[in-house]
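Asks: Structure below; questions to follow.
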Amino acid sequence: MLNLCLHHKKSIWIQAFPKACTKDVQAVIRLLPHRFFRPITWGTIDITFYGEPLTLPSRLYLEEVTEKEIQRLSETQRWLLYCMYTRHHDGFIREKYVQRLKQEQAKTDWVLLYLIELTGEYVREILERIEPMLQTWSEEQLRTFAAANDRYLQRIERRIISYWDLHQRTVYPVLWNSDYVGFRIAQFYRTYRTHS
């Protein structure tokens, strides 16, 4: 049973990052806590990254890796781990690892995938942290991503609107009003979708 769980865990995360990251992903996987008898992830998100199909887990159900273990990782490995925890089921943990990506100025292309996925969620504080981070990617990177993932970005936009309707409409009553961070982010994506 243990091998099956570990194999399942490895295959999930190896498919969630570009092939060029495989060795670093494997190093990070070895640090992840074990979870017996229950799934560690739920649901998947299919994205194309520079022509490479990736499958990101929708949610992660694991305890956090200790700080001592994190400090032993290389910069790239830390960023991989932080991206993994942006999929965590606890919004405070997601926000914590977005903040770490921001503090370390993680600009590797694949980090963008995880930030964009988070912008389709309902936690306004996370959206506010991500908005300035999106501005750090080049226009070329954003156009390339938008051209390969137009449907995906449309889905993110629909989710932004849906979560606004459920959670933010009383505070920000006007659809597409730029006072709401989610609408500013969706408009930012539209810029690159229409020019790709």
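Per the working numbering, residue 184 is the first one in the sequence shown, and the count goes up by one each step. From the three backbone atoms N, C-alpha and C, an ideal C-beta is built for every residue, glycine too.
Could you tell me if Leu-187 is buried or exposed, where buried requires 16 or more neighbouring beta carbons within 10 angstroms of its beta carbon?
Replies: Only weak support exists for where Leu-187 lies, its pLDDT of 28 falling under 50; the value from the coordinates is given anyway. Its Cβ having fewer than 16 others within 10 Å, Leu-187 is exposed.
Asks: Along the chain, where does the beta strand (DSSP E) containing Ser-345 start, and where does it finish?
Replies: No beta strand (DSSP E) holds Ser-345; the alpha helix (DSSP H) holding it covers 333–346.
Asks: Let me check understanding here. Comparing Cα to Cα, which of Glu-258, Ile-230, Leu-215 and Ile-223 lies closest to Phe-200?
Replies: Ile-230
Asks: Could you tell me if His-272 is buried or exposed, where buried requires 16 or more neighbouring beta carbons within 10 angstroms of its beta carbon?
Replies: exposed
Asks: Could you have a look at Arg-242 and say whether DSSP puts it in helix, strand or coil?
Replies: strand
Asks: On the three-state DSSP scale, how would you describe Leu-189?
Replies: Below a pLDDT of 50, predicted positions are generally treated as unreliable, and Leu-189, at 34, falls in that range; the measurement from the model is reported next regardless. Reduced to three states, the DSSP call for Leu-189 is helix.
Asks: Would you give the residue range spanned by the alpha helix (DSSP H) that Tyr-375 belongs to?
Replies: 364–377
Asks: Among all the DSSP beta bridges, which residues are the ones paired with Thr-227?
Replies: Pro-240
Asks: Would you kindly report the start and end of the unbroken alpha helix (DSSP H) that includes Glu-300?
Replies: 292–302
Asks: Report the option in Leu-237, Thr-238, Ile-228 and Lys-251 whose CA atom is closest to the CA atom of Leu-215.
Replies: Lys-251
Asks: Check Glu-247 in the structure and name its three-state DSSP category.
Replies: Looking at Glu-247 - three-state DSSP - the assignment turns out to be coil, as it is neither helix nor strand.
Asks: Which residue comes first and which comes last in the alpha helix (DSSP H) that contains Gly-234?
Replies: Note, Gly-234: premise wrong, no alpha helix (DSSP H); not H, not E.
Asks: Drop a sphere of 10 angstroms on the beta-carbon of Gly-303, count the other beta-carbons inside from all chains shown, and report buried for 16 or more, exposed for fewer.
Replies: buried
Asks: Measuring alpha carbon to alpha carbon, tell me which residue in Leu-243, Ala-369, Pro-356 and Val-211 is nearest Ile-299.
Replies: Ala-369
Asks: Give the single residue among Ile-228, Lys-206 and Ile-197 whose Cα lies nearest to the Cα of Leu-336.
Replies: Ile-228
Asks: Verify whether the separation of the beta carbon atoms of Asp-292 and Thr-259 is less than 8 Å.
Replies: no
Asks: Does His-350 come out as helix, strand or coil in the three-state DSSP assignment?
Replies: In the structure shown, His-350 adopts helical secondary structure according to DSSP, grouped into three states.
Asks: Quick check on this structure: which residue in Arg-255, Tyr-265 and Phe-328 has the alpha carbon closest to the alpha carbon of Gln-286?
Replies: Tyr-265
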